[in-house]
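S.K.:
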Amino acid sequence: MTPPIPPDDALAALLPPDVDLDPAAPVGLRHEAALPVWHGLVWSRLGRGDLAWEQWGRVHLPELQPWIAAERGRVLRELGLHAAAEAVEWPALLQAEDAVDAAMLRVSLAADAVGHGDLAGARRRLAAAEQAVGALAADGRDGHDGPRAARQRLRLAWVRVEVAALGGDPLPTGGLPVWDERTGGPVQPADARHGSRFHAAKGLLFGGVARGDARLLEAAAALAPPVIAWAVQLARADLGGDPDAEAAAREAWRRIVPPPAVAAEVAATAIAHRLGRPEAAATLDHDVSGTSRGC
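Using the numbering used here, the letters of the sequence shown correspond one by one to residues -11 to 283.
In structure tokens form, the structure reads like this:
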């Protein structure tokens, strides 16, 4: 049976603006076989890892496998399974022939090192990711400095925050949203125009944490798709002190459906224990790496 397609409103909100799924105008698809990859991506951002895996399992074209591995790794990392994410990302990096795919995987691997608490490895991998992402703009051919590269620059800014937090360093704010006092609302970085609602919300999450600005976290909460809603609410609880945010985080976490093969592992993670049992909140420390597993 063919897995279901995400709802139209989710496709509109969670696909980047350069992606057109109309087979008659496949701009941004990368390849006609990539349609299930995009459908899986949207399902994953809706918190439905089960349906994302079904969609990605339909794609067998070798050139698309590194991209799919990066998306699988993101889901696993969002669920706290950093070792499992690495296990799919490292082989994919070795196979990646597309420069943007390779840069994407390098950014992901830096985030994995943060999840492991490996500061030296995180710094080393971050440097490699910065070089790979920077080379996309320097290359400038075959769309390497187009929307796909812009989205990797957004992700790189998020991981810089994670690595700095792990090392106890001042949190960098470059490439992150800022609150505009004049307009009374957030201002996104230029690259965000190439992202989806997911990228906008994730940037606001990191911007709020890095700047210590609860207003940005409120804006993130208003935009956050299901996959990161729990992380935004935890940041609000930990940084903003909202008394209702912890309960909102638990409710958001309960709506996440992991891929069946890793459901038991997810249930054993620290974040699952915190959000699955209210009393665990008082005994678990929480830092920025906990709110940003989805880089």
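Note that the Cβ used here is the ideal one computed from N, Cα and C, for glycine as well.
Could you tell me the alpha carbon to alpha carbon distance between Pro231 and Arg242, rounded to whole angstroms?
M.R.: 19 Å
S.K.: Considering only the alpha carbon of each residue, which of Trp167, Gly172, Ala178, Thr171 lies closest to Leu193?
M.R.: Trp167
S.K.: Using DSSP's beta-bridge definition, name the partner residues of Val245.
M.R.: Arg36
S.K.: Please report the straight-line C-alpha distance between Leu3 and Val30, rounded to a whole angstrom.
M.R.: 7 Å
S.K.: Have a look at Ala235 and Glu20 and give me their C-alpha separation to the nearest angstrom.
M.R.: 43 Å
S.K.: Tell me, to the nearest whole angstrom, how far the beta carbon of Ala91 is from that of Leu124; I am working on the premise that it is less than 8 Å.
M.R.: Yes, Ala91 and Leu124 are in contact; Cβ-Cβ is about 6 Å, under 8 Å.
S.K.: Once DSSP output is grouped into helix, strand and coil, what is the label at Val175?
M.R.: strand
S.K.: Check this for me: beta carbons of Leu164 and Gly183, under 8 Å apart or not?
M.R.: no
S.K.: Please tell me whether Pro50 has its Cβ less than 8 Å away from any Cβ of chain C.
M.R.: Considering every chain present, this structure includes no chain C. It has just one protein chain.
S.K.: Buried or exposed for Val175, going by 16 or more other Cβ atoms inside 10 Å?
M.R.: Classification of Val175: exposed, given that the 10 Å Cβ count is below 16.
S.K.: Looking at the strands, I want to know which residues DSSP matches up with Asp168.
M.R.: Gly173
S.K.: To which residues of the same chain is Ala207 closer than 6 Å at the C-beta, ignoring the five residues directly before and after it?
M.R.: Cβ neighbours of Ala207 beyond the five flanking positions: Pro174, Leu192.
S.K.: In three-state DSSP terms, what is Leu9?
M.R.: coil
S.K.: Could you tell me which uninterrupted alpha helix (DSSP H) segments, each at least 4 residues in length, are contained entirely in the segment 38 to 126, listed from first to last along the chain?
M.R.: Counting only runs that start and end inside the segment 38 to 126, the alpha helix (DSSP H) elements of at least 4 residues fall at 53 to 66, 70 to 83, 87 to 104.
S.K.: I'd like to know if the segment 56 to 73 and the segment 31 to 44 are in contact, where contact means that at least 3 CB-CB pairs between them fall below 8 Å.
M.R.: yes
S.K.: Going by C-alpha distance, which of Pro79, Trp44, Gln53, Leu97 is nearest Arg65?
M.R.: Leu97
S.K.: How long is the line joining the alpha carbons of Glu74 and Asp100, rounded to whole angstroms?
M.R.: 7 Å
S.K.: With burial defined as no fewer than 16 other Cβ atoms inside 10 Å of the residue's Cβ, what is the status of Arg170: buried or exposed?
M.R.: exposed
S.K.: Which residue's Cα is closest to the Cα of Ala223: Arg181, Val197, Asp(-3)?
M.R.: Val197
S.K.: Identify which residue in Ala(-2), Ala202, Ala40, Val250 has its Cα closest to the Cα of Ala233.
M.R.: The shortest Cα separation from Ala233 among Ala(-2), Ala202, Ala40, Val250 belongs to Ala202.
S.K.: From Glu240 to Gln221, what distance separates their C-alpha atoms?
M.R.: It should be noted that the sequence gives Ala, not Glu, for residue 240. The alpha-carbon atoms of Ala240 and Gln221 are separated by roughly 8 Å.
S.K.: Measure from the alpha carbon of Arg113 to the alpha carbon of each residue in Gly162, Arg141, Val147, Glu253, then state which is nearest.
M.R.: Val147
S.K.: So, at 7 Å on beta carbons, what are the nonlocal neighbours of Ala120 in its own chain, with the 5 sequence-adjacent residues on each side left out?
M.R.: Closer than 7 Å at Cβ, skipping near neighbours: Ala90, Ala91, Arg94.
S.K.: Nearest-angstrom Cα distance between Pro50 and Arg18?
M.R.: 13 Å
S.K.: With DSSP run on the structure shown, which of helix, strand or coil describes Asp226?
M.R.: helix
S.K.: Check for me: the alpha helix (DSSP H) holding Glu150 runs from which residue to which?
M.R.: For Glu150, the uninterrupted alpha helix (DSSP H) segment begins and ends at 135 to 155.
S.K.: Count the other C-beta atoms from every protein chain shown that fall within 10 angstroms of the C-beta of Ala0, then say buried if there are 16 or more, exposed otherwise.
M.R.: Classification of Ala0: exposed, given that the 10 Å Cβ count is below 16.
S.K.: Identify whether Pro19 lies in helix, strand or coil by the three-state DSSP scheme.
M.R.: The sequence as given places His at residue 19; Pro does not occur at that position. In the structure shown, His19 sits in coil (DSSP, three-state: anything other than H, G, I, E or B).
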